[in-house]
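Visitor: For the sequence shown, the tail end lands on 634 under our numbering, and the numbers increase by one without skipping. Have a look at this one.
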Amino acid sequence: MLRNALRKPIFTLVFLFITFIASAQSIRLSGRVLNQKNEPVAGATINVSGATRNSAADVEGRFTLTLEQGKKYTITVTAVGYQSKAVDEVEVSVDGDNVITIVMEVAAKEVGEIVIRSTARKENTSGLLNFQRNNVSLSSGLAADFIRRTPDKNTSEVLRRVSGASIQDNKFVIVRGLSDRYNQALINNAMLPSSEPDKKAFSFDVIPSQLIDNIIINKTATPDLTGEFAGGLVQINTKDIPSKNFVTVGIGLGFNTQSIGKDFTSNQRGETDWLGFDDRRNIPSSYPLTYSVYNTLPVEERRKIAADFRDDVWAETNSIAGPIQSYNITWGNAIRGQKGGTFGSVVGLTYRNSKLLYTATKELFERGQNSQAFFDYTDQQNKYNTNIGGIVNLAWTKGKNKVAFKNLFNQLFEDNYYQRTGINTENLQDVSLRSSVVNQRTLFSSQLEGAHTFASKLKFNWNLNYSYNHKEQPDLRVLTYGKGIGTNNPFLANLRGNNTNRFFSNLTDHGLGANGSLAYDFKIGEQKQTVKIGGSTTVRLRDFRATIFGYTEPSDVSLLSLPYDKIFAKENFTKSNGFELTTALQNPQDKYYGISALSAGYVMFDNKIADNWRLIWGTRVENFEQLLKSNQQG
Numbered sequence: 001m002l003r004n005a006l007r008k009p010i011f012t013l014v015f016l017f018i019t020f021i022a023s024a025q026s027i028r029l030s031g032r033v034l035n036q037k038n039e040p041v042a043g044a045t046i047n048v049s050g051a052t053r054n055s056a057a058d059v060e061g062r063f064t065l066t067l068e069q070g071k072k073y074t075i076t077v078t079a080v081g082y083q084s085k086a087v088d089e090v091e092v093s094v095d096g097d098n099v100i101t102i103v104m105e106v107a108a109k110e111v112g113e114i115v116i117r118s119t120a121r122k123e124n125t126s127g128l129l130n131f132q133r134n135n136v137s138l139s140s141g142l143a144a145d146f147i148r149r150t151p152d153k154n155t156s157e158v159l160r161r162v163s164g165a166s167i168q169d170n171k172f173v174i175v176r177g178l179s180d181r182y183n184q185a186l187i188n189n190a191m192l193p194s195s196e197p198d199k200k201a202f203s204f205d206v207i208p209s210q211l212i213d214n215i216i217i218n219k220t221a222t223p224d225l226t227g228e229f230a231g232g233l234v235q236i237n238t239k240d241i242p243s244k245n246f247v248t249v250g251i252g253l254g255f256n257t258q259s260i261g262k263d264f265t266s267n268q269r270g271e272t273d274w275l276g277f278d279d280r281r282n283i284p285s286s287y288p289l290t291y292s293v294y295n296t297l298p299v300e301e302r303r304k305i306a307a308d309f310r311d312d313v314w315a316e317t318n319s320i321a322g323p324i325q326s327y328n329i330t331w332g333n334a335i336r337g338q339k340g341g342t343f344g345s346v347v348g349l350t351y352r353n354s355k356l357l358y359t360a361t362k363e364l365f366e367r368g369q370n371s372q373a374f375f376d377y378t379d380q381q382n383k384y385n386t387n388i389g390g391i392v393n394l395a396w397t398k399g400k401n402k403v404a405f406k407n408l409f410n411q412l413f414e415d416n417y418y419q420r421t422g423i424n425t426e427n428l429q430d431v432s433l434r435s436s437v438v439n440q441r442t443l444f445s446s447q448l449e450g451a452h453t454f455a456s457k458l459k460f461n462w463n464l465n466y467s468y469n470h471k472e473q474p475d476l477r478v479l480t481y482g483k484g485i486g487t488n489n490p491f492l493a494n495l496r497g498n499n500t501n502r503f504f505s506n507l508t509d510h511g512l513g514a515n516g517s518l519a520y521d522f523k524i525g526e527q528k529q530t531v532k533i534g535g536s537t538t539v540r541l542r543d544f545r546a547t548i549f550g551y552t553e554p555s556d557v558s559l560l561s562l563p564y565d566k567i568f569a570k571e572n573f574t575k576s577n578g579f580e581l582t583t584a585l586q587n588p589q590d591k592y593y594g595i596s597a598l599s600a601g602y603v604m605f606d607n608k609i610a611d612n613w614r615l616i617w618g619t620r621v622e623n624f625e626q627l628l629k630s631n632q633q634g
């Protein structure tokens, strides 16, 4: 009886104790102090109601506070040259963002102490609006607190939400109707290399949205921006010192009704294709460095080299097209030292794989009424795609100094297999074609950057960067068969011209760059003015080479009727009446080496003439040089 009598009050006391502990739990609040130009207010003092210790903003305007859950606080921010600001109703929770952005206004005149009051919710939503309103150029953008509330998984999806921007092919940005060629991308103040080495464009689907601090698209030119754009300059800033420790895991599945559950045809793939790396499609090592050397070899030796090419790549394999798969994991950590220093790190990994089926028709007509098509083809397209990417950002900050090391890697692998049937009325043939188009692309970008503030008026920023681009087509194969239209004759391989060939290309691009700027704030009367000087240099080195092989007509014409997976077997090259590899299709200048250098310097003034008038002016000088050397491979 005594035990039962005591059970209820004991449970009550335990429940009240747990409730008290939960309500008194201390949680870290992270914040940032910015001015109306979206610039950090370094050294700002942050006071919390009911607290005895104050906090100070670092060189990026960031600060952290430890608050108790379940209480509402008032945070007051003061800084030299700015009106004090009090933010009410600040509270933290275990499952909340616990992040706040505070925008300060410049103190125009000394008329006594003025305290501007706001709420935590208004501050977080007004930061980006204030930046767009006060930016030196016309711009649109999205901040991290908005991006967190969207289901977008990568940067290309986020950019769809920016005013004036649209996305092409799910990855290339179009700004104000101008295509990717007329836009430029920056990441952490470093120019991004083109992810498409054969054109000026960047694939924005490689950067996970969880890693983005903010995105700004500048649509007008100013002296401190590169002249490499006409449509828009997309500035992406990734996280380096996270506001709180986190681990996020994302899994996504999608499907295309034309593809899922249906037969998917391709040539045999390598063991590492699913990771985005080819391991079986290179030119054999027995092939000489140049095609002219190959042409001087005896016939028997050339036949042996031809037999060294893999012959199992032509066989077709069938599988089932499953759902589109995407996975991502992101880890962030911040270590705050006792002496005021903070070390932050963000690591992310993404993976995507898909098998998609498409049907396309192609027709070519001569101008005029009742004209007959030169050809009428139907293509069954089997597209296999793998994308793997990673990001590693490290940063250290203390007081008014910060140094960061930021790295981005992406690997793209595409294997597109085409099955074509139709008629060619110009050649009076029924056509059957098989083609495998493999693209392998690698992108790596690395930056070492720093930001330093001296005496609250002089700001120095610098950036060193390196980029690596690699595009390879390891074995583009085309094999065409034809027979008389409507006849019962067997299909015969068409070896003339480009109808049947194997193509290999390799393009490598290295980029080195550096930039720096020095900004000084001063006053004319009661109005704040800024003068900024800076410069940059970027050097790119590019190397390209391509090799194409055709096939000679065999003495044994029966070989031409063999099926796709048998016609180019090794034994059909080693015998005297078989095939030979020929370099007749080779362009002697399918090889070049290029160097380009872009240097720039500028002076910019940001003058506030009156409370409602502002003048941004200056000058920028750019110098571009390019050297191209095209050598005959022979």
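Beta carbons: idealized from backbone N, C-alpha and C, even for Gly. Just so it is clear, the structure is predicted and the values come from calculations on it, not from any experiment.
Which residues share a DSSP beta bridge with Y73?
Guide: Numbered from 1 along the sequence shown, position 73 holds the residue referred to as residue 73. The partner list for Y73 (beta bridge, DSSP) reads V90.
Visitor: Using a Cβ-Cβ cut-off of 6 Å (strictly less than) and excluding sequence neighbours within five positions of A44, which residues of its own chain qualify?
Guide: Working through the sequence shown from its first residue, we reach residue 44 at position 44. Within the same chain, A44 has close Cβ partners V33, A57, V77 and A79.
Visitor: Answer yes or no: do S354 and N385 have a C-beta to C-beta separation smaller than 9 Å?
Guide: For the purposes of this step, residue 354 is taken as the residue at position 354 of the sequence shown. For the purposes of this step, residue 385 is taken as the residue at position 385 of the sequence shown. Yes, the pair counts as a contact, with Cβ atoms nearer than the cut-off.
Visitor: Would you grab the beta carbon distance between N398 and G340 for me? Rounded to a whole angstrom, and I think it's under 8 Å.
Guide: Residue mapping note: residue 398 aligns to position 398 of the sequence shown, counting from 1. Residue mapping note: residue 340 aligns to position 340 of the sequence shown, counting from 1. The sequence shown places Lys at residue 398, rather than the Asn named in the question. Confirmed, about 6 Å.
Visitor: Below 8 Å CB to CB, which residues in the same chain sit around V106 once its five sequence neighbours on both sides are set aside?
Guide: Indexing the sequence shown from 1 puts residue 106 at position 106. Cβ within range, chain order: N35, Q36, G81, Y82, Q83 and K528.
Visitor: Are the beta-carbon atoms of R303 and T583 separated by less than 9 Å?
Guide: Residue numbering aside, residue 303 sits at position 303 when the sequence shown is read from its first letter. Residue numbering aside, residue 583 sits at position 583 when the sequence shown is read from its first letter. Not a contact, by the Cβ cut-off of 9 Å.
Visitor: Would I335 be called buried (16 or more neighbouring beta carbons within 10 Å of its own) or exposed?
Guide: The count along the sequence shown starts at 1 and reaches residue 335 at position 335. Exposed: under 16 other Cβ atoms inside 10 Å.
Visitor: Within its chain, find whatever has a CB closer than 7 Å to the CB of A360; leave out the 5 residues flanking it on each side and keep chain order.
Guide: As a first step, residue 360 is located in the sequence shown; it is residue number 360 there, counting from the start. Excluding residues within five positions, the ones whose Cβ falls inside 7 Å are D379 and Q381.
Visitor: Taking the alpha carbon of D312 as the point to measure from, which residue in S26, V41, F624 and A569 has its own alpha carbon closest?
Guide: As a working mapping, residue 312 is identified with position 312 in the sequence shown. Checking every option, the nearest Cα to that of D312 belongs to A569.
Visitor: Under 9 Å, do S446 and S432 count as touching if we go by C-beta distance?
Guide: Locating residue 446 in the sequence shown gives position 446, where the first residue counts as 1. Locating residue 432 in the sequence shown gives position 432, where the first residue counts as 1. No, the pair does not count as a contact, with Cβ atoms beyond the cut-off.
Visitor: Going by beta-carbon coordinates alone, are Q440 and Q411 separated by less than 9 Å?
Guide: The residue given as residue 440 occupies position 440 in the sequence shown. The residue given as residue 411 occupies position 411 in the sequence shown. Yes. Within cutoff.
Visitor: So, G482 versus N424, is the Cβ gap smaller than 9 Å?
Guide: Locating residue 482 in the sequence shown gives position 482, counting from the first residue. Locating residue 424 in the sequence shown gives position 424, counting from the first residue. In this structure, N424 lies closer than 9 Å to G482 by Cβ.
Visitor: Could you tell me the distance, in whole angstroms, from the CA atom of A120 to the CA atom of G70?
Guide: Start at 1 with the first residue of the sequence shown, and residue 120 comes out as number 120. Start at 1 with the first residue of the sequence shown, and residue 70 comes out as number 70. Low per-residue confidence applies at A120: pLDDT is 47, beneath 50, and the placement is therefore not dependable, though the value from the model is reported in the following sentence. If I take the Cα positions, the gap works out to 15 Å.
Visitor: Less than 9 Å between the C-beta atoms of N469 and S194, yes or no?
Guide: Reading the sequence shown from its first residue, position 469 is the one you call residue 469. Reading the sequence shown from its first residue, position 194 is the one you call residue 194. Yes. Within cutoff.
Visitor: Buried or exposed, going by whether 16 or more other CB atoms sit within 10 Å of the CB of F454?
Guide: Taking the sequence shown and counting its residues from 1, one reaches residue 454 at position 454. By the 10 Å Cβ count, F454 comes out exposed.
Visitor: Mind checking E571: buried by the 16 CB within 10 Å criterion, or exposed?
Guide: On the sequence shown, residue 571 is found 571 positions in, with the first residue counted as 1. Flag for E571 reads exposed.
Visitor: Does DSSP put V80 in a helix, in a strand, or in coil?
Guide: Along the sequence shown, read from residue 1 onward, the residue named residue 80 stands at position 80. Three-state result, V80: coil.
Visitor: Who does T487 pair with in a DSSP beta bridge?
Guide: Residue 487 sits at position 487 when you count from the first residue of the sequence shown. Bridge partners of T487: none, in fact.
Visitor: Nearest-angstrom Cα distance between Q626 and F413?
Guide: By one-based count along the sequence shown, residue 626 stands at place 626. By one-based count along the sequence shown, residue 413 stands at place 413. Roughly 30 Å between the two C-alpha positions.
Visitor: Residues in its own chain within less than 7 Å of V41 by CB, not counting five upstream and five downstream?
Guide: By 1-based counting over the sequence shown, the position of residue 41 is 41. Excluding positions up to five away in sequence, the list reads V33, L34, N35, A57, G61, A79, Y82 and M104.
Visitor: I believe P242 touches G337 by the beta-carbon criterion, under 8 Å. Please report the beta-carbon distance rounded to the nearest angstrom.
Guide: The sequence position of residue 242 within the sequence shown is 242, counting from 1. The sequence position of residue 337 within the sequence shown is 337, counting from 1. Not a contact, Cβ separation roughly 16 Å.
Visitor: Assuming the contact rule is C-beta atoms closer than 8 Å, T547 and Q586 should be a hit. Round their C-beta distance to whole Å, please.
Guide: Here residue 547 is taken as the residue at index 547 of the sequence shown, counted from 1. Here residue 586 is taken as the residue at index 586 of the sequence shown, counted from 1. With a Cβ gap of about 7 Å, T547 and Q586 count as contacting.
Visitor: Tell me which residues share the same chain as S209 and place their Cβ nearer than 8 Å to its Cβ, disregarding the 5 neighbours each side in the sequence.
Guide: Within the sequence shown, residue 209 is the residue found at index 209, counting from 1. Hits under 8 Å: I147, T150, D152, K153, N154, T155, E157 and V158.
Visitor: What is the DSSP secondary structure of V234, counted as helix, strand or coil?
Guide: Here residue 234 corresponds to residue number 234 of the sequence shown, with the count starting at 1. DSSP places V234 in strand when its eight states are reduced to three.
Visitor: S292 by DSSP, collapsed to three states: which one?
Guide: Taking the first residue of the sequence shown as position 1, residue 292 is located at position 292. S292 falls in the helix class under three-state DSSP.
Visitor: Evaluate T350 with the Cβ neighbour count: other Cβ atoms within 10 Å of its Cβ, from every protein chain shown; 16 or more gives buried, anything less gives exposed.
Guide: Translated into positions along the sequence shown, residue 350 becomes position 350. Classification for T350: buried.
Visitor: DSSP three-state call for G618: helix, strand or coil?
Guide: Here residue 618 refers to the residue found at position 618 when the sequence shown is read from its first residue. Strand.
Visitor: Start and end of the alpha helix (DSSP H) containing D278?
Guide: One-based indexing of the sequence shown puts residue 278 at position 278. Premise fails: D278 is in no alpha helix (DSSP H) and is neither H nor E.
Visitor: Quick check on R542: does DSSP put it in helix, strand or coil?
Guide: Position 542 of the sequence shown, counting from 1, holds the residue named residue 542. Three-state DSSP puts R542 in a strand.
Visitor: Please confirm if the stretch 312 to 326 is in contact with the stretch 250 to 269, defined as three or more CB-CB distances below 8 Å between the two stretches.
Guide: Touching, per the Cβ criterion.
Visitor: Going by the DSSP bridge assignment, what does L29 pair with across the sheet?
Guide: Reading the sequence shown from its first residue, position 29 is the one you call residue 29. According to DSSP, which records beta bridges pairwise, L29 is partnered with L65.
Visitor: For a cutoff of 9 Å on Cβ pairs, would you count R310 as touching chain D?
Guide: This model lacks chain D altogether, as it is built from one protein chain only.
Visitor: Sorted by chain position, which residues of the same chain lie with C-beta nearer than 6 Å to K383's C-beta, five sequence neighbours on each side aside?
Guide: Mapped onto the sequence shown, residue 383 falls at position 383. Around K383: L356 and N416.
Visitor: Where does V299 sit, in a helix, a strand or coil, going by DSSP?
Guide: Counting from 1 along the sequence shown, the entry for residue 299 is found at position 299. Helix, per DSSP.
Visitor: Within 10 Å of its beta-carbon, does Q168 have 16 or more other beta-carbons around it, so buried, or fewer, so exposed?
Guide: Here residue 168 refers to the residue found at position 168 of the sequence shown. The residue in question, Q168, is exposed, as its Cβ has fewer than 16 Cβ neighbours within 10 Å.
Visitor: At what residue ranges does the stretch 171 to 259 contain a whole run of the alpha helix (DSSP H), taking only runs of 4 or more?
Guide: Those alpha helix (DSSP H) runs which fall completely within the stretch 171 to 259 and span 4+ residues do not exist here.
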